[in-house]
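In our numbering, the protein residues as written are 20 to 280.
Just so it is clear, CB atoms sit at the ideal spot from N, CA and C, and this is done for glycine as well.
Quick caveat: nothing in here was measured; it's all calculated off a predicted structure.
Written below as structure tokens is the structure these notes are about.
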Amino acid sequence: MRMKVAKYISEFFVKQGVTDMFMITGGAAMHLNDAFGHQEGLKITYNHHEQACTIAAEGYTRQTGKIAPVCVTGGPGGTNAITGVFGAYVDSIPMFVVTGQAKRETTVWSTNLPLRQLGDQEVNITSAVSTMTKYAKMITDPMSIRKEVEKAWFLMLNGRPGPVWLDIPGDVASTFIETDDLEGFDKQGYIDEHWASFNQDNPVYDEQYTKDVLAKIKEAKRPVILAGTAIRHANQQNEFIKCIDKLGIPVVTAWDAHDII
């Protein structure tokens with residue numbers, strides 16, 4: 020099927036079960052804005068500041084267990100969104116951010132010159148957020164879009180959850196592609212046997228590890244359990260309550276997990 024890259028992204032989100040999105044429009048993101056705004060099954064909330072978009076997306080995921088992607092424009096739009104992304108990163112909350120970017124030919128990426136900026140409001144946002152995301156990439160090849168959105172979505176949810184960020188130049192977002200020609204993402208090499216997925220009922224069970232933990236508890240003179248938010252991420256609150264009721268030892272919670280018990 021022939022469609023714009025921006026439309027492919029919006030349809031991908033809906034196929035993943037996304038129903039809500041937080042967005043602020045802008046010139047560099049106009050094709051993304053158009054695709055998301057007209058996507059059937061997707062409700063857009065237009066915030067007044069990009070920081071509000073990412074903070075709202077974090078709160079949405081905490082409350083619903085679902086993902087509400089964020090779309091903001093390039094330059095200051097992206098930099099304004101950083102605070103909410105960092106908050107999600109340190110608290111292990113999955114988040115998917117899509118930003119607009121200047122056209123490829125007017126980005127520093129397209130030159131061999133030591134410039135700090137070339138395009139209108141251009142910011143090397145993926146480098147800026149590399150320390151607070153699990154994956155951040157500027158899409159320079161329109162035909163890589165399927166692979167990149169699938170990879171970002173997978174990494175966002177699997178292992179320790181966290182934000183991912185795709186930066187889409189305007190001429191990439193507006194490019195028409197044949198979806199049948201797109202290459203998908205191969206998970207092999209990214210899957211760890213000890214990984215669980217966010218909000219999925221697929222706990223990783225290691226019998227020997229469990230025995231070792233129980234042995235340590237028995238050896239302890241004054242045992243106590245420190246419960247963290249990963250219990251919620253793994254969707255194991257009920258199992259945890261059963262466990263501590265059976266063990267009968269004191270429990271304290273990390274600051275981000277007070278509602279676990």
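- Cβ-Cβ distance between Thr152 and Pro182 below 9 Å: Less than 9 Å divides the Cβ of Thr152 from the Cβ of Pro182.
- Query: Are Met49 and Gly189 closer than 9 Å when you measure CB to CB?
  - Reply: Contact check for Met49 against Gly189 passes: the beta carbons are separated by less than 9 Å.
- DSSP three-state call for Tyr209: helix, strand or coil? Note: Tyr209 maps to coil in three-state DSSP.
- Query: According to DSSP, is Gly45 helix, strand or coil?
  - Reply: Gly45: coil per DSSP, three-state reduction.
- For Phe195, count neighbouring Cβ atoms within 10 angstroms of its own Cβ and tell me buried if that reaches 16, exposed if not. By the beta-carbon neighbour count (other beta carbons within 10 angstroms, threshold 16), Phe195 is exposed.
- Item | Boundaries of the alpha helix (DSSP H) in which Arg81 is found, first to last residue | Arg81: member of the alpha helix (DSSP H) spanning Glu69 to Thr83, first to last residue.
- Assuming Glu69 contacts Ile43 (C-beta within less than 8 Å), just tell me the rounded distance between them. Contact between Glu69 and Ile43 holds, with the beta-carbon distance rounding to 6 Å and staying under 8 Å.
- Message: Using the Cβ count rule (16 or more neighbours within 10 Å means buried), how would you classify Asp186?
- Response: Classification of Asp186: buried, given that the 10 Å Cβ count is 16 or more.
- Any idea what DSSP makes of Ala147, helix, strand or coil? The answer is helix: DSSP assigns Ala147 an H, G or I state.
- Spatial distance of Arg21 from Trp274 (CA atoms): Going from the Cα of Arg21 to the Cα of Trp274 covers about 49 Å.
- Query: In whole angstroms, what separates the C-alpha of Gly60 from that of Thr83?
  - Reply: Distance from the CA of Gly60 to the CA of Thr83, rounded to the nearest whole angstrom, comes to 17 Å.
- Query: Under three-state DSSP, which class holds Pro113?
  - Reply: DSSP places Pro113 in coil when its eight states are reduced to three.
- Message: Just to confirm, is the Cβ distance from Met162 to Leu132 under 9 Å?
- Response: No, the Cβ-Cβ distance between Met162 and Leu132 is not below 9 Å.
- Item | Option nearest Tyr65 by Cα separation, candidates Thr80, Ala87 and Ala47 | Considering only alpha carbons, the answer is Ala87.
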